[in-house]
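Heads up: the protein sequence lines correspond to chains A and B, in order. My numbering numbers the first residue of the first sequence as 2 and each following residue consecutively. My numbering numbers the first residue of the second sequence as 29 and each following residue consecutively.
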Amino acid sequence: MTDHAPASTSAPAHGGHDDPMSHVPPGSLWPLLVMLPLCAIPFGVLSFTGTLKGSPLGPLTDPHVGLVMILGGTAFLLFALMGWCHQVIKEKAISHDLKAQQKDLQLYILLFLCAETTTFGAIFGYFYHRTIQDPAFGPPHGMHFGGPFAAYATFLLLSSSITCEIAHHALDHGKRSLSKMFFVITLLLGGAFLGMTGFEWGELFQKGFTPLALGENGSSAFAATFYTGTGFHALHVTIGLIMLFMVLMRLETGHFQGTRNFSVVAASWYWHFVDVVWVLLFITVYVVA
Amino acid sequence: MSAPAVMPPIKRYTGVMDWLTTVDHKKIGLMYFWFVLIMGLVGGALAGMIRIQLATPGAVWDAVQAAQLAGEQLPFNLYSEDRHFFNQIVTMHASVMIFFVIIPGLIAFANYIVPLMIGARDMAFPKMNAFGFWLLIPSAILMMTSFWVQGGAAATGWTAYPPLSLKGAGINPGQDMWIMGVHLAGLSSILAAINFIVTITNMRAPGMGWMKMPLFVWATFFTSIIQLLATPVLAAAVTMVLMDRNFGTTFCDAMKGGDPVLYQHIFWTYSHPAVYIMVLPAFGAISHIIAAFSHKKTFGYLGMVVAIGSITALGFVVWAHHMFTVGMPTGLQAYFMYATLLIGVPTGIKVFSWIATMWGGTLRFTAPMLCGIGFVSLFTIGGFGGLILAMVPTDQSLHDTYFVVGHFHMVLVGGSVLALFGMTYYWWPKMTGRMLSETTSKWVFWLMFWGTMITFMTMHLTGAAGMARRVPVYYADFKILNHITTFGYALTALSSLILFVQLLLSYRRPKITEDDPWKINDVQQSFEWATSSPPPVYNFATVPPIPVADQH
Ligand SMILES: [Cu+2]
């Protein structure tokens, strides 16, 4: 990402001459490099699961090759993503127009969250459509579902949203150590929530409520929806935690000195989003069901 | 060149590395374009295989008829390997044409032209833009190699309805590969959409307010909104199938308490809006082309913007008109029928505006103009077929016949593809700095126009007569109609091949020097004609010298 101010700002208005080529960002091999493992990993999975046996795809028919492709592809993907982030952070430091750039990035994350909302919307849509059509769509008969444990987890996640906001606010006012402390608290609360989700899943598994458990209507659709919804949400919590952790690390190394704090904004918006989705999900799977 | 003191000199790549590392929206647009041309030939070849199979009723069907007449047992299994292969071809023809030709084809032009039109130097996120293009490659590889795996490619039609798409007997990873391909193509779509919305919102030249944006920019903006909101829903739908197939869940499996009809609802929640992803940018571009060669301004700019906006909004609430035969409550059917018919209103506004733009204008029948007029005619015809299908009673008898196939091909080929041809002829001089031969271009147009007309008008008749879609063999009564359809296909194939060769050879033609080779910008006043052909890497050295204020 680099400067993209409209052409007029580069007009020689300030007396000196301005070379338009200086506004042209350098090329980057990273997008292509990130694509390569995204091609290798699916084929690796197919090969590893043995589904390509007997097809004329050469070495891909050997599951061992598949395993190598999955592991190597994942490692390469992480490497390429980090390379990409590194280049972006480096380039941002020499940007021409910070304000415009921050505006773009904020809109970007907002739109991204819109797309996420419709993804969750599809899951909710499935759930409510089934609930309305089939009264028996629900947990297995006689099963005690939900309870105070989920409520505690919700409480933790909600408070983490508040601590995240405090941390963000503190950073805006230059109180860096206070900000760091609250980011740590947020991380701990989020981690605790994730742990409790895992614990809850374990409990449910022990009671026999697996993703394929049959409900009152003799179908596992409810269990699958429950685990897909909460699992997809847990994945988002994990991503949010990684983002918050990266913010914390960059705070530690002295980043975010001036107005360049997009990553903080992004991480905190994402975290609030994860929070709101959880509230809806909680109401859906525990209260409505 | 001397870099300003604030910035260290930037390392620049050259040659092949320049293309592999490019973040320039123009180079990315051209890469999209050539990818689309090649995939277009692949998709066209698949269509050719379908048409060759359907050129004759098929010996199989004659035997079936004979056996039925004689009251004998069928001499063979109707659901043979050949039938399965035919279904694979049909499915992949649709998937290639939708995910790798029409959608990225329109994105190719949006990529190249939109930043120029709004006077920007590039897209807001140039690297994301490049990534969006690169993602199409693994997606295409996944889908195309699936022909060679056990069980072959996906064979369910591009809708992947369960239970057909669920795991039957035996392994068929082709369906899983198709789903993963859709995921990657969808991700590419979403990234492109976010990029366009941010670019258009934040990077317009000073003085270009929302209501001064060229119509193509508006169309891209609304298209991006649809892509952004609808594509994740498609991903969710196919993921349900993926999980049912591989992890034992039963979201869609009716035998085990799943709900296959709900899959259809979720699928069409994406896929009806998706038809507007495939046509709205064409609407925008056609407005420019018709205005340019009528030497007038677009008639009713505000009406056009409102029409595109309302098509976008309405597009999200009409999806179940694809499902009138699944047994919906009558009230719902009535709602979806009326809502669908309502879309005819903004579409009609657009058609009237194009005609009014031509009215009293100084018309120049160049190749892009011919494509523009061809687009308006064929799209309108296709649209009328849509009205017929939107009505519940007629749809229930025409559902899954060739009438439906004829309808959506008329709007996609006569509409989107012809518009893509027109956009190519209109912007090719700008994109490459080379004019194309008008004579060849007009041959391409007329072949495509009559090819489309013959192929798909005939399909309407075949369908009304009762021929079902997705069958490789048919009753001999449909023979002549199918002969004609295959002949029409040959014309469109010839047209596309000429276009492909013409574009390849154009790189050997002399370079032009004008910024505005069509001599239209005194009326068009669009920024892309105010820079050299092709534009420099930085698009504009200074603010484009056009009074944007009275653009419309
Ligand atoms: Cu539709």
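Ideal Cβ positions, reconstructed from N, Cα and C, are used throughout, including at glycine.
Proximity test, Cβ basis, 8 Å: residue i and chain B
{"i": "A:D63", "result": "no"}
{"i": "A:M83", "result": "no"}
{"i": "A:T119", "result": "yes"}
{"i": "A:Y127", "result": "yes"}
{"i": "A:K104", "result": "yes"}
{"i": "A:R131", "result": "yes"}
{"i": "A:P140", "result": "no"}
{"i": "A:P60", "result": "no"}
{"i": "A:C86", "result": "no"}
{"i": "A:L47", "result": "yes"}
{"i": "A:M244", "result": "no"}
Distance cut-off 7 Å: residue i Cβ against heavy atoms of ligand 1
{"i": "B:H350", "result": "yes"}
{"i": "A:V266", "result": "no"}
{"i": "B:V303", "result": "yes"}
{"i": "B:H300", "result": "yes"}
Where residue i falls, given that 16 or more other Cβ within 10 Å makes a residue buried
{"i": "B:E556", "result": "buried"}
{"i": "A:A268", "result": "buried"}
{"i": "B:W238", "result": "exposed"}
{"i": "B:K155", "result": "buried"}
{"i": "B:A447", "result": "buried"}
{"i": "B:M397", "result": "buried"}
{"i": "B:L360", "result": "exposed"}
{"i": "A:M83", "result": "exposed"}
{"i": "A:D105", "result": "buried"}
{"i": "B:P421", "result": "exposed"}
{"i": "B:C399", "result": "buried"}
{"i": "B:Q579", "result": "Low local confidence applies: a pLDDT of 47 at B:Q579 is under 50, so the model's placement there is unreliable, with the coordinate-based value given in what follows. So B:Q579 ends up on the buried side."}
{"i": "B:R462", "result": "buried"}
Rounded straight-line distance, which links the Cα of residue j to that of residue i
{"i": "B:A33", "j": "B:A152", "result": "Because B:A33 sits at a pLDDT of 45, beneath the cut-off of 50, its placement in the model cannot be relied upon, and the following sentence gives the value as read from the coordinates. Rounded to the nearest angstrom, the two C-alpha atoms are 24 Å apart."}
{"i": "A:M70", "j": "B:L170", "result": "15 Å"}
{"i": "B:G516", "j": "B:A181", "result": "27 Å"}
{"i": "B:S554", "j": "B:W47", "result": "28 Å"}
{"i": "B:L370", "j": "B:K195", "result": "39 Å"}
{"i": "A:L282", "j": "A:G230", "result": "7 Å"}
{"i": "B:K39", "j": "B:M145", "result": "28 Å"}
{"i": "B:I512", "j": "B:K284", "result": "45 Å"}
{"i": "B:H427", "j": "B:T353", "result": "8 Å"}
{"i": "B:M208", "j": "B:V404", "result": "36 Å"}
{"i": "A:D276", "j": "B:M268", "result": "24 Å"}
{"i": "B:Q81", "j": "B:G434", "result": "17 Å"}
{"i": "B:P563", "j": "B:N549", "result": "16 Å"}
{"i": "A:L39", "j": "A:L157", "result": "36 Å"}
{"i": "B:M306", "j": "B:I126", "result": "8 Å"}
{"i": "B:P234", "j": "B:M241", "result": "12 Å"}
{"i": "A:L213", "j": "A:A225", "result": "6 Å"}
Residue i at chain A interface by Cβ criterion, 8 Å
{"i": "B:Q361", "result": "no"}
{"i": "B:M581", "result": "For residue 581 of chain B there is no data in the structure shown, the boundaries of chain B being 29 and 580."}
{"i": "B:A158", "result": "yes"}
{"i": "B:L257", "result": "yes"}
{"i": "B:F279", "result": "yes"}
{"i": "B:P374", "result": "no"}
{"i": "B:P154", "result": "yes"}
Limits of the unbroken alpha helix (DSSP H) element including residue i
{"i": "B:T267", "result": "243 to 274"}
{"i": "B:Q553", "result": "Looking at the DSSP string, B:Q553 is not in any alpha helix (DSSP H), and its letter there is neither H nor E."}
{"i": "A:E201", "result": "177 to 207"}
{"i": "A:C165", "result": "149 to 173"}
{"i": "B:C280", "result": "Run containing B:C280: none; DSSP gives neither H nor E here."}
{"i": "B:N567", "result": "That residue, B:N567, is in no alpha helix (DSSP H); it is neither H nor E in DSSP."}
{"i": "B:K155", "result": "154 to 173"}
{"i": "B:G68", "result": "53 to 82"}
{"i": "B:V307", "result": "Looking at the DSSP string, B:V307 is not in any alpha helix (DSSP H), and its letter there is neither H nor E."}
{"i": "A:R251", "result": "222 to 253"}
Residue i Cβ short of 7 Å to ligand 2 heavy atom set
{"i": "B:G402", "result": "Among the ligands in the structure shown, ligand 2 does not appear; only ligand 1 can be found there."}
Chain D contact for residue i (CB, 8 Å cutoff)
{"i": "B:N139", "result": "Of the protein chains in this structure, namely A and B, none is chain D."}
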